[in-house]
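Its first residue numbered 1270, the sequence shown is counted upward by one per residue in the working numbering. Glycine is no exception: its CB is placed at the ideal position from the N, C-alpha and C atoms. Heads up: the structure comes next, in structure tokens.
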Amino acid sequence: AGRVGPGKCYRLYTEAHMMSLMPATTAPEILRTDLSSFVLMMKALGVDNVILFDMMTQPSPESISHALECLYALGAMNDECDLTSLGYKMCEFPTEPRISRMLLSSLYDHHCAEEV
């Protein structure tokens, strides 16, 4: 049985356990994950202030601040919270910023991209 389709579903827990301990819905992903990739993409798309950007579910300012600090530490952003040329290159990778930074560093800084 699909989540929204007909069929049978065999659960491995009791109905009482489900009703008392399991939440009816899960928290939105934007509240549960690292926002570095999201903030990097928003900055690349021209969103100047990600904290004030109107979203269906607003993440905490602390999680956005943590993402900005991470991007700054990786060299993707400068002191004015603008993307650097490295930050724009990092956007081209379909990976999280830490991985794209490692790949770019292996190519430009250490010349070992083949090994990586």
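Proximity of residue i and residue j at Cβ, strictly below 8 angstroms
| i | j | result |
| --- | --- | --- |
| Leu1407 | Pro1328 | Nothing about residue 1407 can be read from this structure; the chain reaches only from 1270 to 1385. |
| Leu1372 | Ala1336 | no |
| Pro1363 | Leu1343 | no |
Outcome for residue i when other beta-carbon atoms lying within 10 angstroms are tallied against a minimum of 16
| i | result |
| --- | --- |
| Leu1340 | buried |
| Ile1333 | buried |
| Ser1369 | buried |
| Ala1345 | buried |
| Gly1274 | exposed |
| Gly1356 | buried |
| Val1319 | buried |
Paired residues, beta bridge with residue i - DSSP
| i | result |
| --- | --- |
| Met1346 | Leu1352 |
Neighbourhood of residue i by C-beta distance below 7 angstroms, restricted to the same chain and skipping five residues each side
| i | result |
| --- | --- |
| Lys1358 | Leu1373 |
| Leu1352 | Lys1312, Ala1313, Ala1345, Met1346 |
Own chain, CB closer than 6 angstroms to residue i, minus 5 neighbours either side, in chain order
| i | result |
| --- | --- |
| Pro1386 | This structure leaves residue 1386 out entirely; the chain is present only between 1270 and 1385. |
Same chain, Cβ closer than 8 angstroms to residue i, neighbours up to 5 away in sequence not counted
| i | result |
| --- | --- |
| Cys1381 | Ser1375 |
| Glu1383 | none |
Would you check if the segment 1305-1313 and the segment 1273-1282 touch, i.e. whether three or more CB-CB distances between them fall below 8 angstroms? no
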